[in-house]
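Inspection log for the structure reproduced underneath, given as structure tokens.
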Amino acid sequence: MGFLKRGEEKDKLQGGGRTIRGYWLLGVLALLVLTAIAWSYLVYQNLTSTQTSHKQQVKSTAQLLAGSISSNLQQRLALIQGLARQPGLADSFNAFDEGELPAQQARLARLVPDALQLRLLPVDYNEPDTSEMPNMGYASLLLLRKAEKSDVVLPAELHQSGTPHQHIAIASAITSDQVGDVAGVLHVAYSLDMLKNLIRRVENLPGRIEVQQALSDKDPLLIVGKGDKSATGTKADGVVPVKGSIWQVAYWGGTGVQFNLMDNLLLVAPGLLLFLITALFLLRFSQQMTNALKRDQQTILSLVEALVVGRPPRVQPAQLGDLQSTLEVMEHQIKEFRSSQVEKSKSKRVMAASDNGLGINIDEVVAKTPVDIPLDGSAHVEIPASIFRAYDIRGIVGETLTEEIVTLLGQGYGSEIFEKGYQSVVVARDTRNSSERLQSALIQGLQASGRDVIDIGMV
Numbered sequence: 048m049g050f051l052k053r054g055e056e057k058d059k060l061q062g063g064g065r066t067i068r069g070y071w072l073l074g075v076l077a078l079l080v081l082t083a084i085a086w087s088y089l090v091y092q093n094l095t096s097t098q099t100s101h102k103q104q105v106k107s108t109a110q111l112l113a114g115s116i117s118s119n120l121q122q123r124l125a126l127i128q129g130l131a132r133q134p135g136l137a138d139s140f141n142a143f144d145e146g147e148l149p150a151q152q153a154r155l156a157r158l159v160p161d162a163l164q165l166r167l168l169p170v171d172y173n174e175p176d177t178s179e180m181p182n183m184g185y186a187s188l189l190l191l192r193k194a195e196k197s198d199v200v201l202p203a204e205l206h207q208s209g210t211p212h213q214h215i216a217i218a219s220a221i222t223s224d225q226v227g228d229v230a231g232v233l234h235v236a237y238s239l240d241m242l243k244n245l246i247r248r249v250e251n252l253p254g255r256i257e258v259q260q261a262l263s264d265k266d267p268l269l270i271v272g273k274g275d276k277s278a279t280g281t282k283a284d285g286v287v288p289v290k291g292s293i294w295q296v297a298y299w300g301g302t303g304v305q306f307n308l309m310d311n312l313l314l315v316a317p318g319l320l321l322f323l324i325t326a327l328f329l330l331r332f333s334q335q336m337t338n339a340l341k342r343d344q345q346t347i348l349s350l351v352e353a354l355v356v357g358r359p360p361r362v363q364p365a366q367l368g369d370l371q372s373t374l375e376v377m378e379h380q381i382k383e384f385r386s387s388q389v390e391k392s393k394s395k396r397v398m399a400a401s402d403n404g405l406g407i408n409i410d411e412v413v414a415k416t417p418v419d420i421p422l423d424g425s426a427h428v429e430i431p432a433s434i435f436r437a438y439d440i441r442g443i444v445g446e447t448l449t450e451e452i453v454t455l456l457g458q459g460y461g462s463e464i465f466e467k468g469y470q471s472v473v474v475a476r477d478t479r480n481s482s483e484r485l486q487s488a489l490i491q492g493l494q495a496s497g498r499d500v501i502d503i504g505m506v
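Residues are numbered in my numbering as their position in the sequence shown, beginning at 1, plus a constant of 47.
Here it is as structure tokens:
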């Protein structure tokens, strides 16, 4: 019938469903996506952890820097306040000798060797001093007014920022020994070398730190900074006030954290290797499942062929356990169908035995021109056309009706019966001597066509 051969050919009408390999490939793709998600999560966690660590490191660095600056300033503030309270210094502003105040100023300057400039200024001094380096501008005049009203030394400030005259300004009031009135102000200018040296010592900074001067109505003023400048476009992670000044140390942590492909590949290498091994196993399993399904398909086609040609069904064990019940159901249905066909054949026994039914009579003696019908691939048996009548076949035994001819007639009967939807054939004979041989030949032909024969013997 050619069912198995057609099953092996490529079907021109391809279905829209996926193959088993396609579904397994979807599984591999899903596994790849899950692996990528897991890897991305690990990378994100790693970057987040690194960034958090860097922020903490930068914060600690900012705190240490602010502490170092504050310690340095506290020493200078204490020194300046001590100088401003020296006995007799206030009297220098009221001395008749005009050289007394410059002499005191020179003496104090020698006590503060790292100062750029030291000035002794009277109360209400309100003119900028541009005669000496660094210049004293209007910001210093405001500082003088504050110092005249304060009992303690004022916090350090940055003046003349961005110019050759920029300096750190510290001022303290000079009071009279007798009445405590303010006689003048001690104004000292320091260079920024102290700040630059301290921030230069910071190494391996994973971010940025800046020493800023806080302004009441403006953004903080940058004094010195170090690290990744790209961070300054965002809000600082935090600020640390610097005691003894109007400064603060702002810091940005984790700005230098970047995605490193090699480091993260090493991080995910075990997971990637596990994915590759799992993918190979899945593809191997899909191939085995495909092969098993093909063998079960061949078994199903064999059952269909057995149903068509009338052969008893023979079921092989399913390669896929899920199909075992399906094969058993098909085998049972085929057997039920065959049994029902046998019952139908029995109910038609009377019709098959009647004179008007299909039969072979051997009392006719007329013969006509023979017709050649091949019996097999090498020999031919001549079937006389004279034996065919309207409702039966009649011939002479040994002449127009031989065992070979009856065998061919049985094959023809079997094919015609199958086309009409029947599988089983009831065969009977009479009491004549030739009937037994001719019945055997007829049964042989029917069975050769794939029909089931029910032999009821002599009637």
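By construction, the Cβ of each residue, glycine as well, lies at the ideal position given by its N, Cα and C atoms.
Of the residues the options, which one's Cα is nearest the Cα of residue i?
| i | options | result |
| --- | --- | --- |
| Asp284 | Gln491, Gln103 and Ala488 | Gln103 |
| Glu195 | Pro181, Val473, Gly227 and Thr447 | Gly227 |
| Ala353 | Gly254, Arg498, Leu111 and Asn182 | Arg498 |
| Ile381 | Gln345, Leu367, Val232 and Val355 | Val355 |
| Gly504 | Pro169, Arg476 and Gly291 | Arg476 |
| Ser349 | Ala125, Met377, Ala203 and Val474 | Met377 |
| Glu390 | Thr66, Ala109, Gly184 and Val500 | Val500 |
| Val222 | Gln470, Leu136, Leu76 and Ala77 | Checking the displayed sequence, the identity of residue 222 turns out to be Thr instead of Val. Ranking Gln470, Leu136, Leu76 and Ala77 by Cα distance to Thr222 puts Leu136 first. |
| Leu78 | Arg247, Phe328, Arg441 and Tyr172 | Phe328 |
| Val271 | Arg248, Leu320 and Lys282 | Arg248 |
| Thr66 | Asn141, His379, Thr337 and Thr449 | Thr337 |
| Gln334 | Leu367, Pro359, Ala316 and Ile347 | Leu367 |
| Ala186 | Val199, Ala203 and Asp198 | Ala203 |
| Asp224 | Pro134, Ile443 and Ser292 | Pro134 |
| His206 | Ala216, Leu76 and Tyr172 | Ala216 |
| Lys273 | Val286, Tyr298 and Lys282 | Tyr298 |
| Glu300 | Ile84, Leu321 and Lys276 | The identity of residue 300 in the sequence shown is Gly, whereas the question assumes Glu. Comparing Cα positions, the closest option is Lys276. |
| Arg255 | Ala339, His101, Glu463 and Pro211 | His101 |
| Val232 | Ala316, Leu130, Lys282 and Leu330 | Leu130 |
| Leu201 | Pro211, Pro181, Asp266 and Leu124 | Leu124 |
| Leu319 | Ile84, Ala278 and Gly461 | Ile84 |
Nearest-angstrom Cα distance between residue i and residue j?
| i | j | result |
| --- | --- | --- |
| Gly280 | Ser107 | 22 Å |
| Gln494 | Gly468 | 16 Å |
| Phe384 | Arg361 | 15 Å |
| Leu94 | Thr82 | 18 Å |
| Arg342 | Asp502 | 38 Å |
| Pro364 | Ser496 | 29 Å |
| Ser487 | Val472 | 13 Å |
| Arg154 | Asp264 | 39 Å |
| Trp86 | Val80 | 10 Å |
| Gln110 | Leu242 | 14 Å |
| Val439 | Ser372 | Looking at the sequence provided, one finds Asp at residue 439 rather than Val. Rounded to the nearest angstrom, the two C-alpha atoms are 48 Å apart. |
| Gln61 | Arg68 | Reliability of the predicted coordinates at Gln61 is poor, the pLDDT of 44 falling under 50, and the value obtained from them is presented with this limitation in mind. Each residue's Cα considered, the two are about 16 Å apart. |
| Met183 | Asp176 | 5 Å |
| Ser292 | Asn173 | 23 Å |
| Arg484 | Phe465 | 24 Å |
| Val506 | Thr449 | 22 Å |
| Lys193 | Val170 | 11 Å |
| Glu250 | Leu262 | 29 Å |
| His379 | Asp369 | 17 Å |
Who are the Cβ neighbours of residue i in its own chain at under 7 Å, not counting the five residues just before and after it?
| i | result |
| --- | --- |
| Leu189 | none |
| Ser238 | Leu163 and His214 |
| Leu208 | Correcting the residue type first, residue 208 is Ser in the shown sequence and not Leu. Answer for Ser208: Leu268, listed in chain order. |
| Leu245 | Leu112, Ser115 and Ile116 |
| Val235 | Ile127, Val159, Ala162, Leu165 and Ile217 |
| Ser96 | none |
Short of 8 Å in beta carbon distance, which residues of its chain neighbour residue i, apart from the five on each side in sequence? Order them along the chain.
| i | result |
| --- | --- |
| Val289 | Ala113, Ile116, Ser117, Leu120, Val258, Gln295 and Val296 |
| Gln458 | Gly492, Leu493, Ala495 and Ser496 |
| Leu148 | Ser139, Phe140, Ala142 and Leu167 |
| Phe332 | Trp71 |
| Gln151 | Leu136, Ser139 and Leu167 |
| Val199 | Gln128 and Ser219 |
Hey, quick one: how far does the beta strand (DSSP E) through residue i stretch, first residue to last?
| i | result |
| --- | --- |
| Gly231 | Val229 to Tyr237 |
| Ala218 | His214 to Thr222 |
| Ala475 | Ser471 to Arg476 |
| Asp499 | Asp499 to Met505 |
| Arg255 | Gly254 to Gln260 |
| Gly209 | Segment: none, Gly209 is in no beta strand (DSSP E) and carries neither H nor E. |
| Ile270 | Leu268 to Gly274 |
| Val286 | Gly285 to Pro288 |
Suppose the cutoff is 6 Å on Cβ atoms and the five residues either side in sequence are ignored; what does the same chain contact list for residue i look like?
| i | result |
| --- | --- |
| Ala156 | Leu165 |
With respect to 7 Å, is the separation between the Cβ of residue i and the closest non-hydrogen atom of the ligand MG below this value?
| i | result |
| --- | --- |
| Leu354 | Inclusion of the ligand MG in the displayed structure is not the case, the ligand content being empty and no account of it being possible. |
What residue range is occupied by the uninterrupted alpha helix (DSSP H) comprising residue i?
| i | result |
| --- | --- |
| Tyr185 | Tyr185 to Glu195 |
| Tyr70 | Ile67 to Ala131 |
| Gly461 | Glu450 to Glu466 |
| Gln494 | Ser482 to Ala495 |
| Leu242 | Asp240 to Arg247 |
Are the C-beta atoms of residue i and some chain B residue less than 8 Å apart?
| i | result |
| --- | --- |
| Gln334 | Checking the listed chains, one finds no chain B in this structure; it contains a single protein chain. |
Continuous alpha helix (DSSP H) assignments of at least 4 residues falling wholly in the segment 149-181
Inside the segment 149-181, DSSP marks no whole alpha helix (DSSP H) run of 4 or more residues.
List in chain order: all unbroken alpha helix (DSSP H) runs of 4+ residues lying wholly within the segment 333-396.
Scanning the segment 333-396 from its first residue to its last, the whole alpha helix (DSSP H) runs of 4-plus residues come out as 371-394.
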